[in-house]
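Numbered per the working numbering, the sequence shown spans residues 1 to 389.
From the three backbone atoms N, C-alpha and C, an ideal C-beta is built for every residue, glycine too.
Since the structure is predicted, the reported quantities are computational estimates derived from the model, not experimental observations.
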Amino acid sequence: MATDSYAPLPEHKFTFGLWTVGNPGADPFGLPTRQRLSPVEIVHLLGEVGAYGVNFHDNDLVPIDATPAERDQIVADFKQALADTGLVVPMATTNLFTDPAFKDGAFTSNDPAVRAYALQKTMQSMDLGAELGAKVYVFWGGREGTESDATKNPLDGLKWFREALNFLCEYSIDQGYGYQFALEAKPNEPRGDIFLPTTGAMLGFIETLDHADMVGVNPEVAHEQMAGLNFTHAVAQAWDAGKLFHIDLNDQNPGRYDQDFRFASYLIKSNFFLVKFLEDVGYDGSRHFDAHAFRTEDLEGVKDFARGCMRSYLILKEKAQQFNEDAEIQALLAELTEASQPTPALGSYAADTAATLKAHSFDRAALGARGLGYEKLDQLLFELLMGVR
Ligand code: GLT
Ligand code: MN
Ligand code: MN
């Protein structure tokens, strides 16, 4: 029997959050449509579909009001499920958005008591993540923002967020956790406007931190699409800066609410370029699916969803390889970067290079008149993706 070349393997590092396959199908207008699964059941489900790892928020695993004894039992059961399935925990994060205490933000709440509580909760959650082996720690500031700018000075928001991250970097160092922090941007939802709304904004902010080397980004497909941006370009900028510590894969009809669809189920072409980018550069972090099944699904549908995320990634990976090996496409690409007319050799700045360049005469009309053949190239890509090439 031929082996399935789209079957997930540990080396693919496919991970899911407890909150993803565990999503019971509730939305702001409707009740859950599926039974809630326990963390142990979710780990077994992920093992069954072939995932490599599982990530969690503190309260996905341990309820916010659990006693210390309950916590210990839950963690012991979870560890047993990991041992039974071979799943690992590469990433952990804090829920700083569900509890009403965080209605005006966590690290950026106007109330110093809320900000201090958010720090306390995050340290406890970092302890939990470290105990289970997590090396990446995600910060998604879903409540860090405003509905009305009458209520909060954005400079205060930035200052408080910076202070929190500086504090928590020190905590990680102090405890010897070795965490890489990964900041996840989103433009809005659930706040009217969330601070630092894009991956690019996060990258700028990171350079203002005391331990900028410890902090990178966790870009999410849907979030950048919600802002109308090109996700692959955002990921490329993060990679270029050495800051792509994690990635949230899902899909989205741009401009709509945060849909968290099955990976590559909507924007096939842009997700092709994303997978091609990650594979071409050799990204070796988790491929984390931060998505959930349609509300119409039962447990089998949730498994179809999870299997579909991984399978689609591997199909796009195969397409990326096909693109890289396609002689006609590669010949067109090779031509693109050749100078179309005699051009002085550049390099880094030197006075004589600048003088030579200033004296050179370009055929400007020819530069503008030249057809670039991008229509042909893009059509070849389409045909490759549609399987007719
Ligand atoms: C929440 C959000 C995600 C974040 C998760 C991490 S929680 O589901 O929509 O984008 O990555 O906090
Ligand atoms: Mn996410
Ligand atoms: Mn999302």
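Taking 6 Å as the limit between beta carbons, can you name the residues of its chain near residue i, skipping five residues before and five after?
i, result
"Glu383", "Arg389"
"Pro8", "Phe14, Gly50 and Met310"
"Lys303", "Val49"
"Ser312", "Phe263 and Ala264"
"Arg71", "Val62"
"Asp156", "none"
"Gly301", "Ala293"
Residues bridged to residue i by DSSP?
i, result
"Thr337", "Its beta-bridge partners do not exist; DSSP assigns none."
"Asn55", "Gly17"
"Gly145", "Ile194"
"Thr93", "His57 and Val138"
"His288", "Thr15 and Asp248"
"Glu184", "Trp140"
"Phe294", "The partner list for Phe294 (beta bridge, DSSP) is empty, contrary to what the question assumes."
"Glu391", "Only positions 1 to 389 of the chain appear in the structure, and residue 391 is not among them; the question remains open."
"Asp77", "Paired residue(s): none; Asp77 is not in a bridge."
"Asp27", "Gly30"
"Phe261", "Asp251"
"Val43", "For Val43, which the question treats as bridged, DSSP gives no partner whatsoever."
Output needed for residue i: all residues of its chain with C-beta closer than 7 Å, excluding positions within five of it in sequence on either side, in chain order.
i, result
"Phe245", "Val136, Gln180, Ala182, Gly216, Val217, Asn218 and Gly285"
"Gly392", "Nothing about residue 392 can be reported from this structure: the residues present for the chain run from 1 to 389 only."
"Thr208", "Arg162"
"Val138", "Met91, Thr93, Ala182, Glu184, Asn218 and His246"
"Ile64", "Asp99"
"Gly200", "Ala234 and Gln237"
"Asp260", "Ala222, Asn250, Asp290, Ala291 and His292"
"His360", "Pro344"
"Asp363", "Gln341"
Residue j and residue i - do their beta-carbons sit closer together than 7 Å?
i, j, result
"Arg287", "Lys79", "no"
"Phe102", "Trp160", "no"
"Asp104", "Asn110", "yes"
"Thr122", "Leu165", "no"
"Leu274", "Thr232", "yes"
"Leu314", "Tyr6", "yes"
"Asp290", "Glu189", "no"
"Glu147", "Gly192", "yes"
"Thr198", "Ala241", "no"
"Lys319", "Phe263", "no"
"Arg307", "Ser340", "no"
"Phe16", "Leu46", "yes"
"Leu332", "Leu377", "yes"
Going by beta carbon distance, what residues of the same chain come within less than 8 Å of residue i, once the five residues before and after it are set aside?
i, result
"Arg391", "Residue 391 falls outside the range modelled here, since the chain spans only 1 to 389, and no answer is possible."
"Leu399", "Outside the displayed span of the chain (1 to 389) sits residue 399, for which this structure offers no information."
"Gln175", "Met126, Asp127 and Ala130"
"Ala76", "none"
"Leu367", "Ser340 and Gln341"
"Arg256", "Met226"
"Leu82", "Val43, Val54, Val88, Val89 and Leu132"
For residue i and residue j, I'd like the C-alpha separation in whole angstroms.
i, j, result
"Asn250", "Gln330", "29 Å"
"Met1", "Glu224", "Note that Met1 scores a pLDDT of 46, beneath 50, so its modelled location is shaky; the value from the coordinates is reported in the next line. When rounded, the distance between both Cα atoms is 41 Å."
"Lys317", "Ile247", "16 Å"
"Glu325", "Gly387", "15 Å"
"Arg34", "Asp298", "6 Å"
"Gln124", "Gly141", "17 Å"
"Leu278", "Ala234", "12 Å"
"Pro342", "Tyr374", "22 Å"
"Asn153", "Phe195", "11 Å"
"Pro344", "Thr3", "53 Å"
"Thr151", "Gln321", "51 Å"
"Arg115", "Phe29", "30 Å"
"Glu11", "Tyr52", "8 Å"
"Gly178", "Ser172", "7 Å"
"Gln379", "Phe305", "30 Å"
"Thr85", "Pro68", "26 Å"
"Ala355", "Tyr349", "10 Å"
"Thr20", "Ala118", "23 Å"
"Ser270", "Gln73", "44 Å"
"Met202", "Asn230", "16 Å"
"Leu158", "Gly282", "33 Å"
"Ile206", "Ala365", "44 Å"
"Leu31", "Phe97", "19 Å"
"Ala113", "Gly204", "28 Å"
"Gln353", "Pro187", "Note that residue 353 corresponds to Thr in the displayed sequence, not to Gln. Using only the alpha carbons, I get a separation of about 44 Å."
"Ala26", "Phe294", "10 Å"
"Leu346", "Met214", "36 Å"
| query | Listed in chain order, which residues are found with a beta carbon closer than 5 Å to a heavy atom of ligand 3? | reply | Ala222, Asp258 and Asp260
| query | ligand 2: which residues have Cβ under 5 Å from any of its heavy atoms, chain order? | reply | Glu220, Asp248 and Asp290
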